[in-house]
Amino acid sequence: MPLRLLLAFVFWIPAFAADAASKLDLKVDPPLDKIRPNHDEARLTLRREGEKALDKQVYWTLTVDLPPPGKIFSTDFPWIEGKRLLEIDFLAQGGEVAWSAVFPIRGRYELAVKSAVEGESPVETQFPLVIGEDPMRLFYLGLFLTGLFFVGAFIGWAIPGSSALLGLALFFLAGAARWDIGPAKVGEITAMDLLPDPGAARIDFSILRTEDQKRLFHIENITVRGRVRWGYHFFDGSPHRLTAAVRSQGPASPSVLEKEVHVEAREPPRSAVFTTYAFFLLPLAAGWPVGRWVRGRQKKL
Amino acid sequence: MKTRDVSLPRAKTLSIPSWLSGAVSLFLAGAVVYLALFSAYPAIHDTLHKARHSLAIVPCH
Chain V
1 MPLRLLLAFV FWIPAFAADA ASKLDLKVDP PLDKIRPNHD EARLTLRREG EKALDKQVYW
61 TLTVDLPPPG KIFSTDFPWI EGKRLLEIDF LAQGGEVAWS AVFPIRGRYE LAVKSAVEGE
121 SPVETQFPLV IGEDPMRLFY LGLFLTGLFF VGAFIGWAIP GSSALLGLAL FFLAGAARWD
181 IGPAKVGEIT AMDLLPDPGA ARIDFSILRT EDQKRLFHIE NITVRGRVRW GYHFFDGSPH
241 RLTAAVRSQG PASPSVLEKE VHVEAREPPR SAVFTTYAFF LLPLAAGWPV GRWVRGRQKK
301 L
Chain E
1 MKTRDVSLPR AKTLSIPSWL SGAVSLFLAG AVVYLALFSA YPAIHDTLHK ARHSLAIVPC
61 H
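Residue numbers (our numbering), protein chains in the order written: chain V, 1 to 301; chain E, 1 to 61.
In C-alpha cells form, the structure reads like this:
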C-alpha cells in the first residue's frame, strides 16, 4: 500500500493552477526523469476530476511550449528553442484524454491545459515538464572532448609548434564557415486542418518521422464536429508522414488518410555553431602544449 | 683506364619550420572537426547525422 501511494505521488503530477479548486491531474509515463529527448515516446494522460465530466463531451485546449535557449550551448535543434511545439483544441468524450509525444530537446517545457464542460466553469492549468539530457549523450560528449585533447597532445608531441600560430589558425578556421540559410519550415509551427466527411465521429491522429520510423505525436478518439485544426512544430528537417484514422458512428472500419510532409531543414544559427565549435577547439588547443611538454621531458631523459 | 671526378650540383632541401608544421597540423585537425560536425554539405551531414545528435550540444537543424 505505501508503495502504491508513493507511485501515485510520483507519476501523477498535481496541477498547481492559481485557482485552488483546480481539478486536473497529469500522468506521464515513463516518468519525466526517465525520458530521453528525441528518443523516448512519452504517454501523457490528463484527467479531469468530477462526475459531471464522465458522461459529457469535454472541450480541451492544449499547448506545449518548448524550453527556452540555453545560456551557453544550444541543443541539437536550436531553431525550435523557446517556440511552440503543439497547439490543439478538440472535443473528447469523458473526463480523460491521452496522447503520446516525443520531446525533441532537453529543458523545461510548459504544458498549458484548458478544459471546459458544459455547465461548469473552465479549468486552466499549467504543467512544467522538465526533460533532462540523455546521459549517454553526455558520456559521448565527454569521450569526444577527451579524444580532442589527446589529438592536440599528439600534435604537440609529434610536431612542436608555436602557440601564436595556433591562435591564428583558430581565427581563420572559425571564419571559414558557410552560412547560407535557405527557405525553411523548421523554426515555424505548421498549421494543419482536417476536414472530415459529415459521417465522421472520431479521429486518431499521428505524426511519424519516416527516416527512423519514430512516432513523434499520437492522439486518439478526438470527437469530430466539423473541421479539426491543430498546429505542430516539425523540429527535424526530414520527411514525415501524417496519418488520420477517421471512424464513423457505425461499426465500419476506420478510413485512413495519409499525407507525406517534407520538412525543410535549416542551417543552425551562426552563434550556436560558433559557440560549440570554439568549445571543441579548447581541448584540442589545451592538449598541444601538454604534448610539447612531454616531448621536452623525453629529450632531457 | 682513367677515372675522372665529376662534381654534381647538390640538391637543395626545403626545410619547413617546426612551428609552421605544428600550426598547420592543428589547423587541419580543427578543419576536420568543423567539416565533420558543422558542415552543411549533404554527404557529410547525412553520414554523420547520428554522431552530431549524439553529442548533445552540436546544433544540427
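All C-beta atoms in this analysis are idealised placements derived from N, C-alpha and C, irrespective of residue type, glycine included. These numbers come from a predicted model, not from an experiment.
1. Under the DSSP definition of a beta bridge, which residues are partnered with Q57 (chain V)?
2. Taking 6 Å as the limit between beta carbons, can you name the residues of its chain near F235 (chain V), skipping five residues before and five after?
3. Going along the chain, which residues of the stretch 69-89 of chain V sit with their C-beta nearer than 7 Å to a C-beta in chain E?
4. Would you say the beta carbon of A153 (chain V) is closer than 7 Å to some non-hydrogen atom of the ligand GTP?
5. Give me the DSSP bridge partner(s) of V261 (chain V).
6. Since L257 (chain V) contacts I57 (chain E) with CB under 8 Å, what's their CB separation in whole angstroms?
7. Beta-carbon within less than 6 Å of S100 (chain V)'s beta-carbon, same chain only, minus the 5 sequence neighbours each way: which residues are those?
8. For T190 (chain V) and chain E, any beta-carbon pair shorter than 8 Å?
9. Let me know the secondary structure DSSP gives D193 (chain V) once reduced to three states.
10. Check this for me: beta carbons of V102 (chain V) and L216 (chain V), under 8 Å apart or not?
11. Just how far apart, CA to CA, sit E120 (chain V) and L48 (chain E)?
12. Could you tell me the distance, in whole angstroms, from the CA atom of H61 (chain E) to the CA atom of A191 (chain V)?
13. Less than 8 Å between the CB atoms is what I'm expecting for G156 (chain V) and P31 (chain V), so what's the real figure, rounded?
14. Helix, strand or coil for G147 (chain V), going by three-state DSSP, please let me know.
15. How big is the Cα-Cα spacing for T61 (chain V) and D25 (chain V)?
16. Put A23 (chain E) into one of helix, strand or coil per three-state DSSP.
17. What separation, rounded to the nearest whole angstrom, lies between the Cα atoms of I88 (chain V) and R229 (chain V)?
18. Give me, in chain order, the residues of the same chain whose beta-carbon lies closer than 7 Å to that of H45 (chain E); leave out the 5 immediate sequence neighbours on both sides.
19. Ordered along the chain, which non-local residues of its own chain (more than five positions away) have a Cβ less than 6 Å from that of L7 (chain V)?
20. Any chance the stretch 237-255 of chain V sits against the stretch 111-125 of chain V, with 3 or more Cβ pairs inside 8 Å?
21. At the level of alpha carbons, what is the spacing between Y232 (chain V) and G30 (chain E)?
22. Taking beta-carbon pairs under 8 Å, can you tell me which members of the stretch 263-275 of chain V lie near chain E?
23. Return helix, strand or coil for T210 (chain V), following the three-state DSSP convention.
Let me spell this out:
1. V:Q93
2. F77, I80 and P104
3. F73, S74, D76, F77, P78 and W79
4. The ligand GTP is not among the ligands present in this structure, which contains no ligands whatsoever.
5. V:H240
6. Contact doesn't hold; Cβ gap of about 39 Å is too wide.
7. E41, R43 and H218
8. no
9. strand
10. yes
11. 54 Å
12. 20 Å
13. At roughly 46 Å, the Cβ-Cβ gap does not stay under 8 Å, so G156 (chain V) and P31 (chain V) are not in contact.
14. helix
15. 15 Å
16. helix
17. 7 Å
18. S39
19. Its pLDDT being 41, under 50, L7 (chain V) is placed unreliably by the model, and the measurement read from it follows with that caveat. No residues qualify anywhere along the chain.
20. no
21. 38 Å
22. A265, R266, E267, P268, P269, A272 and V273
23. coil
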